[in-house]
Amino acid sequence: MASTRTTVRVGDRELSVSNLDKVLYPGTGTTKAEVLRYYVDVAEVMLPHLAGRPVTLKRFPDGVEAEGFFEKRCPPHAPEWMGTVQLGREGRDKPGKVGSGGKVVDHCDLSEVAALAWAANMGALELHVPMGAAPDTTIPTAVVFDLDPGAPADVRTCAEVALHIREVLDGLHLRSYPKTSGSKGLQLYVPVHDPDLTYDRTRNFSQAVAQLLETRLPDLVVSKQLKTLRPGKVLIDWYQNHLTKTTVCAYSLRARPRPTASTPLTWDEVDDAATEDEGALVFDLDDVRARVAEHGDLFADVASLRQELPALGG
């Protein structure tokens with residue numbers, strides 16, 4: 063079928079988009095036009111969490127019921143105004159040799175609303191980012207705790223574990239910020255700003271917290287990725303604190319039957335969710351729009367708060 067192209071104005075750019083009536087979420091009838099509109103609507107709160115980061119696109123050009131694929135390298139047909147970001151130190155040392163065949167990979171820098179709309183037009187429903195940002199992506203700007211439930215554990219169990227992690231972090235005078243993964247788990251971010259910080263330190267820190275809670279709550283928490291240990295428990299995935307690892311960006315859609323999104327939360331919502339029915343903490347694109355209108359960016363401090371990571375766990 064021939065592509066139907068339309069030129070639209072997004073921000074200060076003119077953008078050629080195609081097949082806006084294509085259904086990307088058959089279960090809800092959500093079209094590419096609706097996905098593109100969602101990303102334009104949330105751009106103001108989402109861009110601070112994307113800009114300057116080597117974004118990995120997870121593309122579903124034929125919708126969520128077809129097989130998707132990850133794309134790290136910014137494609138040659140990207141607009142000429144699209145910036146790029148590498149995993150490494152810009153202007154200091156050679157960039158990290160990360161990518162196919164050990165070659166340096168130029169990732170798209172989604173730093174403006176038109177770039178975000180372009181990615182949506184490419185069928186990039188999911189946008190995944192590392193903890194590092196330009197000009198030196200080898201320096202993590204946050205510690206992440208990725209909470210992944212093993213059935214029959216669910217998001218309620220994740221909420222319970224999140225509250226225990228928060229208690230530990232509060233004792234270390236560290237503020238933390240929760241969000242849904244948009245899938246079945248939760249993620250906690252601890253923003254840190256230290257020009258000498260390394261991924262070894264953030265990984266050791268997160269591992270120490272995970273192992274502490276595994277010792278305290280052996281029936282609830284697991285810190286190892288062995289599948290045999292996970293049924294009925296929540297994996298605190300500290301492995302995500304690595305140069306090449308990514309997590310789904312705040313406000314990104316997910317390729318689920320419904321157009322759910324990774325949604326920043328208040329701690330009161332996490333507290334409530336620990337005792338609510340399974341269906342709590344699931345938000346689709348319309349829910350997120352309403353939440354942004356009501357709360358603004360609940361994740362704003364993750365992009366700006368300066369905290370020092372204590373010397374814990376090595």
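According to the numbering used here, the sequence shown is numbered sequentially starting from 63. Glycine included, C-beta positions come from ideal geometry on N, C-alpha and C.
- In the DSSP assignment, L305 falls outside any alpha helix (DSSP H), carrying neither H nor E.
- Residue pairing of C170 in beta bridges, as defined by DSSP: T146.
- As the crow flies, the alpha-carbon of H226 is around 21 Å from that of D363.
- DSSP places Q249 inside the beta strand (DSSP E), whose first and last residues are L248 to P253.
- If you look at E276, you'll find it in the alpha helix (DSSP H) that goes Y261 to R278.
- Across the structure, R353 and E76 are spaced so that their CA atoms are roughly 29 Å apart.
- For the set L119, A140, H139 and R228, the Cα lying nearest the Cα of F131 is the one of L119.
- Between P240 and L250, the beta carbon gap of about 5 Å places them in contact (Cβ cut-off 8 Å).
- Nearest neighbour of T325 by Cα position, chosen from Y313, A335 and A224, turns out to be Y313.
- For K94, the secondary structure class from DSSP, reduced to helix, strand or coil, is helix.
- Assignment of T219 by DSSP, reduced to helix, strand and coil, places it in the helix class.
- Between the stretch 183–192 and the stretch 121–135 there are three or more inter-stretch CB-CB distances shorter than 8 Å, so the stretches are counted as touching.
- Beyond the five residues adjoining it in sequence on each side, E222 comes within less than 6 Å, by CB distance, of A336 in the same chain, given in chain order.
- DSSP, reduced to helix, strand and coil, places G233 within a helical segment of the structure shown.
- Scanning D74, L275 and P116 for the CA closest to the CA of T306 turns up P116.
- For a cut-off of 8 Å, the C-beta gap from F345 to T242 is around 7 Å, short enough to register as a contact.
- DSSP lists S80 as the bridge partner or partners of R67.
- Contact between Q369 and R263 fails: their C-beta atoms lie close to 13 Å from each other, not under 8 Å.
- For V354, the uninterrupted alpha helix (DSSP H) segment begins and ends at L347 to H357.
- Under DSSP, T118 forms a beta bridge with H190.
- Judged by beta-carbon spacing, K94 lies within the 9 Å limit of A182, meaning their Cβ atoms are closer than that value.
- Of the other Cβ atoms in all chains shown, fewer than 16 fall within 10 Å of the Cβ of L288; this residue is therefore exposed.
- Each residue's CA atom was taken as its position, placing P123 and M184 some 7 Å apart.
- Here T199 is buried, its C-beta having at least 16 other C-beta atoms within 10 Å.
- The Cβ atoms of K286 and T219 lie no closer than 9 Å to each other.
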